[in-house]
Amino acid sequence: MFRSGHDSWQRDPMPGMLVIIAGVLLGGFVALGLALVFAPAFVRFDMSVSEAIRGISWPWLDPVARFATWVGDFWPMATLTTLTGLGLWLRGHRTSATTLVFTVALGSLLGAGLKLLFGRVRPALEVARIALPESYSFPSGHALSSVLFFGSVAFLIMLHVKNLKRATAGAAVCLLAAFSIAIARVYLGVHYFGDIVGSWLLGFGLLTVMMLVSARWGASGTTGTT
């Protein structure tokens, strides 16, 4: 997928492509954040989309959304990250394990800091189906951490699993899990849809940076047993 870290980086076009993709995604995040602060018409559109998502009424949706948002909580996500990183480390994929843990941890910390920077207030208390968090709304921490974790796992599956069908299926399940957690936050009334899109842009931008690191240093590299 990527050249080995021992090969010349300049001869591999993949890093340059990833730089462009990361720049577009992270630039899109900044543009969206500014629009949610300075463009009232865009904010109204965001609220309308969010209201439409909250208005979906299927009998099974409420418990599924509550479970999804629980998976995206701090402790479940921290536990999944730790156990997955430990499993990779014990199997000898130490670069992958380190990359996974640092991507999720540092990305989540960045998201928490950006909440304070943008200071977007959450939806009104009366529309929330669960307890409304006290933190700011943009970007969504649940959406960001789930994209960082499940996106990293999807990337590592594609990197390490040789069977293409199994790798594609595993990556698809990971992305579906991240999507479900994010949309559940809007449905439950604790985030706007714009918060989720912002988290996706930021999260996939950071994942692209992670792939850049992998391209340079070799996330598929192992130490010890394989």
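So in the working numbering the end of the sequence shown lands on 227, straight run, no missing numbers.
Glycine included, C-beta positions come from ideal geometry on N, C-alpha and C.
Every value quoted in this text rests on a predicted model; they were computed, and no experiment measured them.
*Anyone know if the C-beta pair for Ala183 and Ala172 falls short of 7 angstroms?*
no
*Asp74 CB to nearest chain D CB: under 7 angstroms?*
Although the question refers to chain D, the structure presented lacks it and comprises just one protein chain.
*DSSP state of His161, grouped into three classes?*
helix
*Given a cut-off of 7 angstroms, decide if Ser200 and Ala129 are closer than it, judged by their beta-carbon atoms.*
no
*For Leu157, I'd like the list of residues in its chain whose CB is within less than 6 angstroms of its CB, leaving aside the five on either flank, ordered along the chain.*
Ser97
*Do Met78 and Ser181 have their C-beta atoms closer together than 7 angstroms?*
no
*May I ask which residues mark the beginning and end of the alpha helix (DSSP H) holding Val105?*
Arg95 to Phe119
*In terms of residue numbering, what span does the alpha helix (DSSP H) encompassing Ile22 cover?*
Met15 to Phe39
*Quick one: any contact between the region 160-179 and the region 112-121, if contact means 3 or more CB pairs under 8 angstroms?*
no
*To which residues of the same chain is Leu89 closer than 6 angstroms at the C-beta, ignoring the five residues directly before and after it?*
Ser97 and Ala98
_If the criterion is Cβ atoms closer than 7 angstroms, does the pair Ser169 and Leu19 meet it?_
Ser is not the amino acid found at residue 169; the sequence shown has Thr there. No, the pair does not count as a contact, with Cβ atoms beyond the cut-off.
*asked:* Given a cut-off of 7 angstroms on the beta-carbon distance, is the pair Leu213 and Pro16 in contact?
replied: yes
*Do you know offhand how far Val44's Cα is from Leu62's?*
26 angstroms
*Contact under 7 angstroms by Cβ, Ile124 with Gly190*: It is worth fixing the name first, because residue 124 is Pro in this sequence and not Ile. Contact: yes.
*Span of the alpha helix (DSSP H) around Ala66*: Leu62 to Val72
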